[in-house]
Amino acid sequence: MTQRILLLTGASRGIGHATGKVFADNGWRVLTLSRQGFSPRCPWLGGPENHIQLDLANVEHLEPGLEEIRRRLPEGKLDALINNAGISPKGPENSRLGVLGSAYQTWLQVFNVNLFSTALLAKGLIDQLAAAKGSIVNVTSIAGTRVHPYAGAAYASSKAALLTLTREMAAEFAPLGVRTNAISPGEIDTAILSPGTAAFADREVPMRRLGKPVEVANAIYFLCSEAASYVNGTELHINGGQHV
Ligand SMILES: NC(=O)c1ccc[n+]([C@@H]2O[C@H](COP(=O)([O-])OP(=O)(O)OC[C@H]3O[C@@H](n4cnc5c(N)ncnc54)[C@H](OP(=O)(O)O)[C@@H]3O)[C@@H](O)[C@H]2O)c1
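When you read off a place in the sequence shown, starting at 1, and then add 3, the result is the number in this note's numbering.
And the structure:
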């Protein structure tokens, strides 16, 4: 059987790192994409050779990166695209950036990384995804559906829009044989969290704890597997019941 190939954005730490590991452990080739060079903390086979260094905030300059990705797909097939890279800017002393505190540049940067790059990566790789009958997973957030004490206005709006984009992709790409879904994490123990989130989870999450990155990674893997072959256009909540 030919080795399946995944393109994973934001793999250097957190949820992305755990996701790369789960796919690699299951025999996939993992192409990674992030702003920094390959992180030596990601120990999967062929990691450094399969890394593409690209800043998703520069969406105008995505095309050379897309060409590089296509060059790395030997049979012109991509089995999965996971749009996981995301940013959640904070104000001074980690304060929440509301509408009044958010500059246009903040909105632009957040939307470029969290939303526009997702649409453009999918557009640029749709032939390769269709050739493999592959699937796309977009990483949204619980902040996309409710006001959150730490996530800011631009971040929350971008994640709400990403869920809408997931719906659009699911309808447009399914006839090409490509499934699109979203996973929506709650409070997962990564560098993106603000101080105080563990205590917040203890109060607000029915399971009374933070989630682990691997618990999100396993759900992403399910959505890209044969076990989810008729799942399209859904958003899976991975949050210990925080959304109920
Ligand atoms: N942790 C949570 O509780 C939580 C909750 C809800 C949703 N999420 C979502 O889950 C996803 C992963 O979050 P995380 O907690 O694992 O975050 P994280 O630990 O901060 O990791 C973010 C990743 O995105 C990459 N990235 C950031 N800006 C980028 C850019 N301009 N271009 C390319 N790559 C970029 C980073 O790599 P470089 O720094 O090398 O670029 C890093 O690998 C995000 O979409 C986030 O919104 C997380």
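Heads up, the beta-carbon is just placed ideally off N, CA and C, and yes, glycines get one too. Please read these numbers as outputs of a predicted model, since none were measured by experiment.
Query: State the start and end residues of the unbroken beta strand (DSSP E) segment that holds Ile-3.; Result: Residue numbering for the chain in the displayed model covers 4 to 247; residue 3 lies beyond these limits and cannot be assessed.
Query: What number of angstroms, rounded off, separates the C-alpha of Pro-46 from the C-alpha of Ser-228?; Result: 23 Å
Query: Mind checking who Met-138 pairs with in its DSSP beta bridge?; Result: Looking at the sequence shown, residue 138 is not Met but Ser. Looking at the DSSP assignment, Ser-138 forms a beta bridge with Ala-83, Arg-182.
Query: Give the secondary structure of Thr-143 by DSSP, where H, G and I count as helix, E and B as strand, and everything else as coil.; Result: coil
Query: What does Gln-56 pair with, by DSSP beta-bridge criteria?; Result: Ser-37
Query: In the DSSP assignment, what are the bridge partners of Leu-10?; Result: Leu-34, Leu-84
Query: Are at least three pairs of beta-carbons, each pair with one atom in the segment 172-179 and one in the segment 199-208, less than 8 Å apart?; Result: no
Query: Going by the CB atoms, is the gap between Leu-69 and Leu-128 shorter than 8 Å?; Result: yes
Query: Keeping to the same chain, check which residues put their C-beta closer than 6 Å to that of Gly-50; ignore five residues upstream and five downstream.; Result: Phe-41
Query: Identify, in the order they occur along the chain, each residue of the same chain with its Cβ nearer than 6 Å to the Cβ of Lys-136, setting aside the five sequence neighbours on each side.; Result: Gly-180
Query: Apart from the five residues just before and just after Leu-118, which ones in its own chain have a Cβ nearer than 7 Å to its Cβ?; Result: Ser-161, Ala-164, Leu-165, Leu-168
Query: Quick check on Ser-15: does DSSP put it in helix, strand or coil?; Result: coil
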